[in-house]
Amino acid sequence: DTGVSQNPRHKITKRGQNVTFRCDPISEHNRLYWYRQTLGQGPEFLTYFQNEAQLEKSRLLSDRFSAERPKGSFSTLEIQRTEQGDSAMYLCASSRTGQTYNEQFFGPGTRLTVL
Amino acid sequence: SQELEQSPQSLIVQEGKNLTINCTSSKTLYGLYWYKQKYGEGLIFLMMLQKGGEEKSHEKITAKLDEKKQQSSLHITASQPSHAGIYLCGADYTGANSKLTFGKGITLSVRP
Numbered sequence: 001d002t003g004v005s006q007n008p009r010h011k012i013t014k015r016g017q018n019v020t021f022r023c024d025p026i027s028e029h030n031r032l033y034w035y036r037q038t039l040g041q042g043p044e045f046l047t048y049f050q051n052e053a054q055l056e057k058s059r060l061l062s063d064r065f066s067a068e069r070p071k072g073s074f075s076t077l078e079i080q081r082t083e084q085g086d087s088a089m090y091l092c093a094s095s096r097t098g099q100t101y102n103e104q105f106f107g108p109g110t111r112l113t114v115l
Numbered sequence: 001s002q003e004l005e006q007s008p009q010s011l012i013v014q015e016g017k018n019l020t021i022n023c024t025s026s027k028t029l030y031g032l033y034w035y036k037q038k039y040g041e042g043l044i045f046l047m048m049l050q051k052g053g054e055e056k057s058h059e060k061i062t063a064k065l066d067e068k069k070q071q072s073s074l075h076i077t078a079s080q081p082s083h084a085g086i087y088l089c090g091a092d093y094t095g096a097n098s099k100l101t102f103g104k105g106i107t108l109s110v111r112p
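Protein chains in written order, with my numbering: chain A, 1 to 115; chain B, 1 to 112.
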């Protein structure tokens with residue numbers, strides 16, 4: 001059984017560059033979430049998908065951020081014109097609807113450093 | 001202001017000691033989730049509580065939910081170095097089983 005995987009694990013970029021992260025959820029999970037975590041803070045919700053539909057986006061998700069889940073399987077999160085404030089750990093999680101409670105399984109995260 | 005307050009901020013205990021950490025919500029909870037995180041890694045699900053007075057245990061970890069206080073406690077019995085990490089509580093405030101709102105986390109260190 002493979003859990004949630006994320007690639008790359010680390011990304012260092014220069015301010016102003018675009019970056020893209022990928023998340024592969026657990027295969028039978030139809031929901032996929034993106035969170036952002038900065039040092040000393042808990043994860044903050046960014047957006048989530050049910051199948052290929054993006055159902056909710058946080059106000060944290062500025063217009064420089066875009067997420068997709070084109071076939072309802074893997075998802076990508078793109079950040080355009082990165083800023084130093086974008087430096088954080090980007091976490092992906094997945095879950096399955098129809099459960100009594102929403103246990104979200106998290107990936108190992110992608111750590112972004114913007115120089 | 002923070003919707004979920006976790007206390008204490010950090011904790012250092014001697015191996016073998018018991019400990020309790022807390023998570024208090026300023027809003028009505030539909031569900032309260034406990035996760036553990038090793039530094040720089042993803043979150044590992046521990047337990048979920050939904051009903052007032054509910055109590056769940058897994059190995060040496062017990063979590064309770066006090067609906068009146070909108071507070072959850074997590075108790076570890078006979079702590080071990082493997083219990084060290086960051087404990088995060090996450091709240092479902094929507095009842096839609098979707099996004100979670102997390103507290104800042106509690107860093108636990110266990111001295112051998």
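All residues carry an ideal CB built from backbone N, CA and C; glycine is no exception.
| query | result |
| --- | --- |
| Beta-carbon neighbours of residue 3 of chain B, restricted to chain A and to distances below 9 Å | Those within 9 Å of residue 3 of chain B in chain A number zero; the least Cβ separation is about 11 Å. |
| Residue 65 of chain A - containing beta strand (DSSP E), residue span | 65-68 |
| Test item: CB-CB of residue 67 of chain A and residue 60 of chain A under 8 Å | no |
| Residue-level contact to chain A via CB, residue 22 of chain B, 8 Å cutoff | no |
| Endpoints, the beta strand (DSSP E) within which residue 53 of chain A is located | 53-57 |
| Contact under 8 Å by Cβ, residue 97 of chain A with residue 8 of chain A | no |
| Residue 83 of chain B - DSSP class collapsed to helix/strand/coil | helix |
| Short-range partners of chain A found in the stretch 45-71 of chain B, where Cβ spacing is below 8 Å | 45, 48 and 50 |
| Which residues DSSP lists as bridging residue 13 of chain A, in chain order | A:114 |
| Burial state of residue 85 of chain A, where buried means 16 or more other Cβ atoms lie within 10 Å | exposed |
| Sufficient close CB pairs (3 or more, under 8 Å) joining the stretch 14-30 of chain B to the stretch 79-99 of chain B | yes |
| C-alpha gap between residue 28 of chain B and residue 70 of chain B, whole angstroms | 7 Å |
| Between the CA atoms of residue 105 of chain B and residue 40 of chain A - distance to the nearest angstrom | 8 Å |
| Span separating the alpha-carbon of residue 55 of chain A from that of residue 8 of chain B | 35 Å |
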